[in-house]
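Single-structure report; data block below.
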Amino acid sequence: MAERPKPPADITPDDFYLKWLPEQAAAAPDQAAKLKGINAVIQIVLTGEGGGEYYMTIEDGKFSTAKGKAASPKLTITQSVPDWRAINAGTLNPQMAFMSGKLKISGDMSLAMKLGSIMGG
């Protein structure tokens, strides 16, 4: 199985959510197929310097991202910018970050687990 691509270490949240992530999604139709049947809006809140709010919309296999606050997300993920960078770099395990309180998830936990299994492999 191919390893999940990692973004550049110095990528900004804007570049990650508005450019890099959509490009990766477009380049991986097999991953998009795993999203079929999922309809959800996921709010991402990055705290601290360089942070911001972003949301991802999944509509039956189609994926898009935007900056700002979603009207009614099914899931909200909150983390600091340094922890977000560590997770992206692969030096912080997302499950361990959640268990230690570095990654906060509210909303539909079954959706969080499903997305975690899709994105993790």
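Under this note's numbering, the first residue of the sequence shown is numbered 2, with each subsequent residue one higher. Heads up, the beta-carbon is just placed ideally off N, CA and C, and yes, glycines get one too. These numbers come from a predicted model, not from an experiment.
For this session: Spatial neighbours of Thr79 within its chain, please: CB distance less than 6 Å, with the 5 preceding and 5 following residues excluded, ordered by chain position.
Result: Within the same chain, Thr79 has close Cβ partners Val46, Lys105.
Exercise. Less than 8 Å separating the beta-carbons of Thr48 and Met57?
Worked result: no
Problem set entry | Reference Gln25; option with closest CA among Trp85, Lys63, Ile43, Asp11 | Lys63
Exercise. What separation, rounded to the nearest whole angstrom, lies between the Cα atoms of Gly52 and Lys70?
Worked result: 13 Å
Exercise. Tell me the DSSP bridge mates of Val82?
Worked result: Bridge partners of Val82: none, in fact.
Exercise. Quick one: what does DSSP say Glu60 is sitting in, helix, strand or coil?
Worked result: Here Glu60 carries a strand assignment [DSSP, helix/strand/coil].
Exercise. Should Thr77 go down as buried or exposed, given a rule of 16 or more other Cβ atoms within 10 Å for buried?
Worked result: With a 10 Å radius around the Cβ and a threshold of 16 neighbouring Cβ atoms, Thr77 comes out buried.
Exercise. To the nearest angstrom, how far is it from the Cα of Ala41 to the Cα of Ala34?
Worked result: The straight-line gap separating the alpha-carbon atoms of Ala41 and Ala34 is approximately 15 Å.
For this session: Provide the residue span of the alpha helix (DSSP H) that contains Leu22, from first to last.
Result: Run containing Leu22: 22-27, per the alpha helix (DSSP H) assignment.
For this session: Quick one: residues in its chain with C-beta nearer than 8 Å to the C-beta of Lys37, no 5 flanking neighbours on either side, listed in chain order?
Result: Asp61, Gly62
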